[in-house]
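Residue numbers (the working numbering): 412 to 954.
Backbone N, C-alpha and C define an ideal beta-carbon position, used for all residues, glycine too.
Remember, it's a predicted structure, so these values are computed and weren't measured experimentally.
Here is the structure we will look at, set down as structure tokens.
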Amino acid sequence: GNIWRPANSKERLARHLKETGGKVLTRFPPEPNGYLHIGHAKAMFVDFGLAHDRDGGCYLRYDDTNPEAEKQEYIDHIQEIVGWLGWKPWKITYSSDYFQELYDLAVELIKRGHAYVDHQTADEIKDFRERRAESPWRNRPTEESLRLFDEMRRGLWEEGTATLRMKQDVKNDNFNMFDLIAYRIKYTPHPHAGDKWCIYPSYDYTHCIVDSLENITHSLCTLEFETRRASYYWLLEALGLYLPHVWEYARLSIANTVLSKRKLNKLVTDHWVDGWDDPRLMTLAGLRRRGASPEAINSFCRALGITRSDNIIQMELLEHHIRDDMNRRSARTMVVLKPVRVVITNLAEGHVEQLEALVRPDIKEDQGHGTYKVPFSRVIYIEDTDVRLKDSKDYYGLAPGKTVMLRYAYPITCTEIVTGPDNETIVEVRATYDPEKSTKPKGVIHWVSEPAPGVSPLKVEVRLIDRLFKSENPNELDDWLADLNPNSKTVISDALAVPHLADARIGDKFQFERLGYFCVDTDSKPGRTIFNRTVTLRDSYPK
Ligand code: ATP
Ligand code: MG
Ligand code: MG
Numbered sequence: 412g413n414i415w416r417p418a419n420s421k422e423r424l425a426r427h428l429k430e431t432g433g434k435v436l437t438r439f440p441p442e443p444n445g446y447l448h449i450g451h452a453k454a455m456f457v458d459f460g461l462a463h464d465r466d467g468g469c470y471l472r473y474d475d476t477n478p479e480a481e482k483q484e485y486i487d488h489i490q491e492i493v494g495w496l497g498w499k500p501w502k503i504t505y506s507s508d509y510f511q512e513l514y515d516l517a518v519e520l521i522k523r524g525h526a527y528v529d530h531q532t533a534d535e536i537k538d539f540r541e542r543r544a545e546s547p548w549r550n551r552p553t554e555e556s557l558r559l560f561d562e563m564r565r566g567l568w569e570e571g572t573a574t575l576r577m578k579q580d581v582k583n584d585n586f587n588m589f590d591l592i593a594y595r596i597k598y599t600p601h602p603h604a605g606d607k608w609c610i611y612p613s614y615d616y617t618h619c620i621v622d623s624l625e626n627i628t629h630s631l632c633t634l635e636f637e638t639r640r641a642s643y644y645w646l647l648e649a650l651g652l653y654l655p656h657v658w659e660y661a662r663l664s665i666a667n668t669v670l671s672k673r674k675l676n677k678l679v680t681d682h683w684v685d686g687w688d689d690p691r692l693m694t695l696a697g698l699r700r701r702g703a704s705p706e707a708i709n710s711f712c713r714a715l716g717i718t719r720s721d722n723i724i725q726m727e728l729l730e731h732h733i734r735d736d737m738n739r740r741s742a743r744t745m746v747v748l749k750p751v752r753v754v755i756t757n758l759a760e761g762h763v764e765q766l767e768a769l770v771r772p773d774i775k776e777d778q779g780h781g782t783y784k785v786p787f788s789r790v791i792y793i794e795d796t797d798v799r800l801k802d803s804k805d806y807y808g809l810a811p812g813k814t815v816m817l818r819y820a821y822p823i824t825c826t827e828i829v830t831g832p833d834n835e836t837i838v839e840v841r842a843t844y845d846p847e848k849s850t851k852p853k854g855v856i857h858w859v860s861e862p863a864p865g866v867s868p869l870k871v872e873v874r875l876i877d878r879l880f881k882s883e884n885p886n887e888l889d890d891w892l893a894d895l896n897p898n899s900k901t902v903i904s905d906a907l908a909v910p911h912l913a914d915a916r917i918g919d920k921f922q923f924e925r926l927g928y929f930c931v932d933t934d935s936k937p938g939r940t941i942f943n944r945t946v947t948l949r950d951s952y953p954k
């Protein structure tokens with residue numbers, strides 16, 4: 412449409428082509444002030460993806476101009492998680508690598524009459540902006556601004572007493588042209604640049620210049636930066652620098668969660684969640700711990716496409732891609748979350764039979780995935796939802812007199828249900844099994860068994876994860892923390908599993924038959940395996 416987009420001069424273009432050889436160059440510019448989230452996966456898919464498709468390169472650039480919020484921990488994590496998603500940075504750079512050049516260009520900007528040292532307070536700046544009034548310092552002599560800017564750099568001014576402002580256009584329709592701040596004083600050491608500087612460049616000043624110095628061809632960012640494009644080009648024009656092509660796309664929002672790093676930081680710092688990698692968070696570390704693979708996340712990003720329409724994406728779409736991927740890669744196994752004891756009365760005490768179960772029963776033509784051993788003995792456990800006191804037509808579980816098939820084993824018939832004092836709570840089920848397998852009951856249920864008489868099956872912990880927030884868009888709530896879902900995590904500490912799961916290692920993924928897809932959590936210890944439910948089995952994403 413009518414979005415202003417200037418062109419490079421012939422000379423600038425020639426210089427750019429000489430430096431790049433015409434290579435497509437993009438950048439992914441996270442600020443190291445938190446862990447990356449699923450929105451960043453979309454940004455990476457766009458930035459690294461475009462460079463990859465066009466045989467170009469994508470910089471991983473730490474946009475590190477706010478020393479207070481930034482930490483080495485975040486810098487390290489970002490590099491690791493970018494690699495985990497499968498992206499290979501062409502070069503890794505830091506905006507702070509350019510502090511000297513940025514400073515020199517600021518001096519040049521003042522000399523050209525396009526910047527001035529200002530002494531207005533933050534409140535005054537805000538008030539003047541609203542009235543579209545010029546700062547009283549705006550027209551001070553260039554020499555004075557040069558001297559003061561040098562004094563700012565040398566630490567002769569207190570924080571908040573001086574800024575460098577770009578001399579843009581306070582009468583412009585675009586408020587992002589109202590003399591944006593280029594430099595501010597901060598006596599804070601920098602995680603990457605050390606204590607060399609006490610003045611730091613702003614995002615608006617830094618981003619376009621570093622894009623230009625790195626010869627970025629396509630500077631892709633999210634739509635909220637659209638109004639800053641005018642300032643982006645204004646500054647590069649004012650300095651006569653090469654102009655990258657800027658293009659904006661929709662920011663990803665996901666229902667029932669928050670993605671802003673400020674909010675994520677709050678959740679982590681105040682212990683509303685268990686760290687940046689809490690599986691309930693849509694951070695990439697959280698998704699990884701929950702069990703999502705890089706392929707699933709990138710497949711989701713591909714499905715999103717690169718559009719300019721902002722809407723909230725339902726969690727079901729992400730889960731659909733994760734489920735698809737887990738279905739392809741996971742071994743099947745059996746775990747009982749809420750065990751009910753069943754005694755097989757016609758099986759001799761002490762009898763243990765080793766049955767074989769299929770690792771991939773879903774792949775009919777290929778049994779090369781093998782089998783695992785399942786003991787079958789007199790005491791077995793089934794899911795509490797698979798037994799009822801009263802039968803009904805649409806129910807395929809056990810009930811008095813009814814027969815169900817134990818997966819990979821035999822049909823069993825319920826002969827008696829022992830209840831507690833309330834006559835409702837099921838304490839134990841008695842059943843007989845049919846060694847001849849002469850019936851084929853409709854209902855097939857999962858189960859586990861005592862590996863030896865009186866020996867409990869393997870105990871595992873299972874964590875079920877639900878939406879972190881109750882509302883679709885917690886972002887628009889004033890008290891967004893009050894909207895946290897109190898049931899976002901359910902811990903089942905005494906689920907029972909088939910024996911081979913004792914060998915499961917952190918990160919291993921399984922389908923627990925009939926229950927969903929699960930991944931071994933990082934909290935697991937030898938002898939204590941913990942699973943997160945990554946996604947349920949049922950795909951509720953509308954096709
Ligand atoms: P936040 O509010 O979470 O701090 P940000 O945009 O300041 O967001 P950065 O680390 O600066 O976060 O972002 C790095 C890149 O990732 C930017 O290009 C930004 O536009 C992009 N990005 C951040 N969040 C999203 C999102 N939700 N969807 C798509 N891209 C995003
Ligand atoms: Mg940013
Ligand atoms: Mg930010």
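Asked: Using the three-state DSSP reduction, which class does Arg874 fall into: helix, strand or coil?; Found: strand
Asked: Whole angstroms are fine: how far does the CA of Phe921 sit from the CA of Gly938?; Found: 18 Å
Asked: Is Lys482 near ligand 1, going by C-beta to nearest heavy atom under 7 Å?; Found: no
Asked: Among Pro612, Cys825, Val859 and Gln511, which has the Cα closest to the Cα of Asp845?; Found: Cys825
Asked: Using only the alpha-carbon positions, how far apart do Thr668 and Arg691 sit?; Found: 9 Å
Asked: Using beta-carbon positions only, say whether Ala913 and Leu869 come within less than 8 Å of one another.; Found: yes
Asked: Select from Met563, Pro600 and Glu555 the residue whose C-alpha is nearest the C-alpha of Gln483.; Found: Pro600
Asked: Give a yes or no on whether 8 Å exceeds the smallest Cβ distance from Val815 to chain B.; Found: In the structure shown, chain B cannot be found, because there is only a single protein chain.
Asked: Which runs of the alpha helix (DSSP H) spanning at least 4 residues fall entirely within the stretch 620-653, listed in chain order?; Found: 640-650
Asked: Pick helix, strand or coil for Asp529, following the three-state DSSP scheme.; Found: strand
Asked: Tell me whether Arg662, by its Cβ, gets closer than 7 Å to a heavy atom of ligand 1.; Found: yes
Asked: Between which two residues does the beta strand (DSSP E) containing Asn886 stretch?; Found: Element bounds for Asn886: n/a, residue is neither H nor E.
Asked: Whole angstroms are fine: how far does the CA of Thr836 sit from the CA of Thr940?; Found: 29 Å
Asked: Leaving out five residues before and five after Gly927 in sequence, what residues of the same chain have Cβ atoms less than 7 Å from its Cβ?; Found: Arg944, Val946, Thr947 and Leu948
Asked: Using a Cβ-Cβ cut-off of 8 Å (strictly less than) and excluding sequence neighbours within five positions of Trp683, which residues of its own chain qualify?; Found: Lys677, Leu892 and Leu895
Asked: Which residue comes first and which comes last in the alpha helix (DSSP H) that contains Cys359?; Found: Outside the displayed range of the chain (412 to 954) lies residue 359, so it cannot be described from this structure.
Asked: Please look up how many angstroms separate the CB atoms of Tyr473 and Thr694, rounded, as I've assumed it's under 8 Å.; Found: Contact doesn't hold; Cβ gap of about 18 Å is too wide.
Asked: Measuring CB to CB, does Ala533 end up less than 8 Å from Ala526?; Found: no
Asked: Considering Cα atoms alone, identify which of Trp658, Pro864, Asn585 and Asp584 is closest to Cys619.; Found: Trp658
Asked: In the DSSP assignment, what are the bridge partners of Cys930?; Found: Lys920 and Asn943
Asked: What did DSSP end up calling Gly412 once you bin it into helix, strand or coil?; Found: Note that Gly412 has pLDDT 38, beneath the 50 cutoff, so the model's placement of it is unreliable and the number below is only indicative. Of the three classes helix, strand and coil, the one that applies to Gly412 here is coil, per DSSP.
Asked: Where Gly524 and Leu698 are concerned, what is the direct C-alpha to C-alpha distance, given to the nearest angstrom?; Found: 50 Å
Asked: Secondary structure at Met455, three-state DSSP: helix, strand or coil?; Found: helix
Asked: For Thr437, I'd like the list of residues in its chain whose CB is within less than 6 Å of its CB, leaving aside the five on either flank, ordered along the chain.; Found: Asp458, Leu461, Ala462, Cys469 and His629
Asked: Helix, strand or coil: which one does DSSP assign to Ser546?; Found: coil
Asked: Starting from Gly494, trace the alpha helix (DSSP H) both ways and give me its first and last residue.; Found: Gln483 to Trp495
Asked: Using three-state DSSP, classify Ile791 as helix, strand or coil.; Found: strand
Asked: Enumerate in chain order the residues of its own chain whose CB-to-CB distance from Ser720 is below 8 Å, with the five nearest sequence positions on each side excluded.; Found: Ala661
Asked: In whole angstroms, what separates the C-alpha of Val840 from that of Asp833?; Found: 16 Å
Asked: When the Cα atoms are used, what is the spatial distance from Tyr611 to Leu728?; Found: 41 Å
Asked: Restricting to Cα atoms, I'd like to know which of Ile733, Arg595, Arg465 and Asp590 is closest to Tyr643.; Found: Asp590
Asked: Please name the residue in Phe456, Thr638, Lys775 and Gln490 whose C-alpha comes closest to that of Leu715.; Found: Phe456
Asked: Under 6 Å Cβ to Cβ from Leu559, same chain only, skipping five residues before and after it: list those, please.; Found: Val528
Asked: Rounded to whole angstroms, what's the CA-CA distance from His448 to Leu670? Just pull it up for me.; Found: 7 Å
Asked: Alpha carbon to alpha carbon, how far is Ala666 from Met726?; Found: 6 Å
Asked: Please classify Ser904 as buried or exposed, where buried requires at least 16 other C-beta atoms within 10 Å of its C-beta.; Found: exposed
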